[in-house]
Amino acid sequence: MAASLLLRAVRRRDLASPLGTLTANVQSTFAANVCSRWGSLARTFSAKPTGHEVIGIDLGTTNSCVSIMEGKNPKVIENSEGTRTTPSVVAFSQKGELLVGTPAKRQAVTNPQNTFFGTKRMIGRRFDDPQTQKEMKMVPYKIVKAPNGDAWVETTDGKQYSPSQIGAFVLTKMKETAESYLGKSITKAVITVPAYFNDAQRQATKDAGRIAGLDVERIINEPTAAALSYGTNNKEGLIAVFDLGGGTFDVSILEISNGVFEVKATNGDTFLGGEDFDNTLLEFLVSEFKRTEGIDLSKDRLALQRLREAAEKAKIELSSTTQTETNLPFITADSSGAKHLNITLTRSKFESLVNNLIERTRDPCKNCLKDAGITTKDVDEVLLVGGMTRVPKVQEVVSEIFGKAPSKGVNPDEAVAMGAAIQGGILRGDVKELLLLDVTPLSLGIETLGGIFTRLINRNTTIPTKKSQVFSTAADNQTQVGVRVLQGEREMASDNKLLGEFDLVGIPPAPRGMPQIEVTFDIDANGIVTVSAKDKATGKEQQITIRSSGGLSEAEIQKMVQEAELHSQKDQERKALIDIRNTADTTIYSVEKSLGEYRDKVPAEVVSEIET
Numbered sequence: 001m002a003a004s005l006l007l008r009a010v011r012r013r014d015l016a017s018p019l020g021t022l023t024a025n026v027q028s029t030f031a032a033n034v035c036s037r038w039g040s041l042a043r044t045f046s047a048k049p050t051g052h053e054v055i056g057i058d059l060g061t062t063n064s065c066v067s068i069m070e071g072k073n074p075k076v077i078e079n080s081e082g083t084r085t086t087p088s089v090v091a092f093s094q095k096g097e098l099l100v101g102t103p104a105k106r107q108a109v110t111n112p113q114n115t116f117f118g119t120k121r122m123i124g125r126r127f128d129d130p131q132t133q134k135e136m137k138m139v140p141y142k143i144v145k146a147p148n149g150d151a152w153v154e155t156t157d158g159k160q161y162s163p164s165q166i167g168a169f170v171l172t173k174m175k176e177t178a179e180s181y182l183g184k185s186i187t188k189a190v191i192t193v194p195a196y197f198n199d200a201q202r203q204a205t206k207d208a209g210r211i212a213g214l215d216v217e218r219i220i221n222e223p224t225a226a227a228l229s230y231g232t233n234n235k236e237g238l239i240a241v242f243d244l245g246g247g248t249f250d251v252s253i254l255e256i257s258n259g260v261f262e263v264k265a266t267n268g269d270t271f272l273g274g275e276d277f278d279n280t281l282l283e284f285l286v287s288e289f290k291r292t293e294g295i296d297l298s299k300d301r302l303a304l305q306r307l308r309e310a311a312e313k314a315k316i317e318l319s320s321t322t323q324t325e326t327n328l329p330f331i332t333a334d335s336s337g338a339k340h341l342n343i344t345l346t347r348s349k350f351e352s353l354v355n356n357l358i359e360r361t362r363d364p365c366k367n368c369l370k371d372a373g374i375t376t377k378d379v380d381e382v383l384l385v386g387g388m389t390r391v392p393k394v395q396e397v398v399s400e401i402f403g404k405a406p407s408k409g410v411n412p413d414e415a416v417a418m419g420a421a422i423q424g425g426i427l428r429g430d431v432k433e434l435l436l437l438d439v440t441p442l443s444l445g446i447e448t449l450g451g452i453f454t455r456l457i458n459r460n461t462t463i464p465t466k467k468s469q470v471f472s473t474a475a476d477n478q479t480q481v482g483v484r485v486l487q488g489e490r491e492m493a494s495d496n497k498l499l500g501e502f503d504l505v506g507i508p509p510a511p512r513g514m515p516q517i518e519v520t521f522d523i524d525a526n527g528i529v530t531v532s533a534k535d536k537a538t539g540k541e542q543q544i545t546i547r548s549s550g551g552l553s554e555a556e557i558q559k560m561v562q563e564a565e566l567h568s569q570k571d572q573e574r575k576a577l578i579d580i581r582n583t584a585d586t587t588i589y590s591v592e593k594s595l596g597e598y599r600d601k602v603p604a605e606v607v608s609e610i611e612t
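Just so we're aligned, residue 1 is where the sequence shown starts under full-length UniProt numbering, counting upward by one.
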């Protein structure tokens, strides 16, 4: 019955009648084929055996990539579109269909308000964060304040999604890419993050993995992953990794010796990347068009999306050519008719436009070298990671900073995912000769009397690590203390990132300064923080794994997991329906072809019934 109903929806003509007059052999074969495919919809959706592989995923701002270990070597897997990287773009069509990757990016021009890109820049961020407010002015979709104060995105029909959810849709695509290649279900992954991500951003990334149905075995820093990929070929020495990607910039100094990868220092800027270069070019194109035509395109969402894509294309082309032309016909219209945009952009003009962005990479590099206690002469090699390092001016500045030409020893788009896969191999025990020692990127501490930020763990401390310090009360007969946990490098607590807070209660009344409160910070290998406070006199203890004062609650994560599973089920149903339709189409073609060849041998009434 189901097959018949579907066949009636197939284009060309109704097959219900002809099926009755086809030869018994053709009819039974076709019906069995279609019905078996239809029946597969009722089966369990994840029928693949569960594998024990730990996949490596580079969840990027602009593009994402997935890799697995094949023996001792990492391998990047092509997605269903045949490309090795997938755009980190998620869209919801007018029919509510979820699109991820290239299909989502393709329809962005006609559906800009429901196409979400660059959301990694908002992951773990508050709505009131100045960077979020800046981002709101640059994207065509709506950014809203979630009930917990975080920045979320909203579709035109009012549905809200956290950046972790959007990231989870991309991670699911990566997971399915690996599963399709391996032929088995995947549940474990190593996911990369910018080295300069704070605790809240790392937690939000881990949440994205959970929503995608992944057990995140390790969160690993992107420059460290790239160095792992580079250093597996018995390379040794002091390595600087310059990682300028789509949304973030990181620089790390590592020492590689006898299979030990020790991060000496890390620095960066979590709001500097290719998106900023695109936005700068976008603003230039808008201002040029306004100058020549007198029309402001900044309020036209469709035109802005076309300009955004043109800006990205021009940026990429200017890495290999000295001049490019941006030609967008019918970009808008006024009373005189249609208007076309045609602007010639030279590499030198592009470099002058983005020079201030490139210059912003200098200070983090200098600070990283200083924290590592080395000079540029000590650096043996400089690795370039991230698509933006293909820009000639960026390579020129890197040469100036480090006093040597950068190495082209790794693929800037794939090295991070490959390093994540290697880390997965280490965790599985398949790769035994490598050891990774990473660091925490920012200092951790608590607020003390007078609003001072008191550090317990300094930045660039090797992790995992644990540190305790004894504090006391600030007033007589104080029976509880509030512990405010912060991350950052400023001297005043209010200038740093508040990660979370809790109270230790039940302290016996005593003069100020008498109670002994031991505060302990514990950072695991993922860079995620647990803080405890203990009254040494009573033994009472309060402990929390730090979650940002916003962040997703357990209930919200579970709800998002269910939504992700529902989307996955709908996707598989849609795929199965397409398979059935294709089978029906093939059979129609076969019947028509056979009828054309054997028309003179088939009774006229049968031919008439088939063609009716």
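Glycine included, each C-beta is placed from N, C-alpha and C at the ideal position.
- Short of 7 Å from the beta carbon of K235, and not among the five residues preceding or following it, lie these beta carbons of its own chain, in chain order: I256.
- Burial state of V505 is exposed, judged by a 10 Å Cβ sphere holding fewer than 16 other Cβ atoms.
- Straight through space, the alpha carbons of A338 and D199 are spaced by roughly 51 Å.
- With 16 or more other Cβ atoms from the protein chains shown falling within 10 Å of its own Cβ, A225 counts as buried.
- For Q323, the enclosing beta strand (DSSP E) stretches over residues Q323 to D334.
- Boundaries of the alpha helix (DSSP H) around N356: R347 to E359.
- One Cα belongs to K137, the other to A151, and the distance between them is close to 14 Å.
- For the set Q94, L307, V100 and S287, the Cα lying nearest the Cα of S88 is the one of V100.
- Beta-bridge partners assigned by DSSP to V89: F117.
- Using a 10 angstroms sphere on the CB of Q203, the tally of other CB atoms reaches 16 or more, which defines it as buried.
- Annotation: the continuous alpha helix (DSSP H) that includes E135 extends over P130 to M136.
- Distance check between G513 and each of R84, P147, L228 and Q478 places Q478 closest, using alpha-carbon atoms only.
- Of all alpha-carbon atoms in Y181, Q160, K264 and A178, the one lying nearest the alpha-carbon of A195 is that of K264.
- Residue burial annotation: T586 is exposed, with fewer than 16 other C-beta atoms found within 10 angstroms of its C-beta.
- Residue state for Q395 is assigned as helix, using DSSP reduced to three classes.
- Apart from the 5 residues on each side of it in sequence, D476 sits with its Cβ closer than 6 Å to the Cβ of P511 and R512 in its chain, given in chain order.
- G209 and G429 have their alpha carbons spaced roughly 22 Å apart.
- Beta-bridge partners of K299 (DSSP): none assigned.
- Annotation: G71 to V382 spans about 28 Å, alpha carbon to alpha carbon.
- Per DSSP, the continuous beta strand (DSSP E) segment holding Q480 begins and ends at Q480 to Q487.
- Annotation: the region 252 to 282 contains no complete segment of the alpha helix (DSSP H) (minimum length 4 residues).
- A straight-line Cα-Cα distance of about 7 Å links N279 and R308.
- Per DSSP, the continuous beta strand (DSSP E) segment holding T448 begins and ends at L444 to T448.
- Here Q558 has no same chain residue with a Cβ atom under 7 Å from its own Cβ, once five neighbours each way along the sequence are excluded.
- In the displayed model, E433 falls within coil according to three-state DSSP, outside both helix and strand.
- Residue pairing of I343 in beta bridges, as defined by DSSP: T326.
- Just so you know, the alpha carbons of L254 and K175 end up roughly 30 Å apart.
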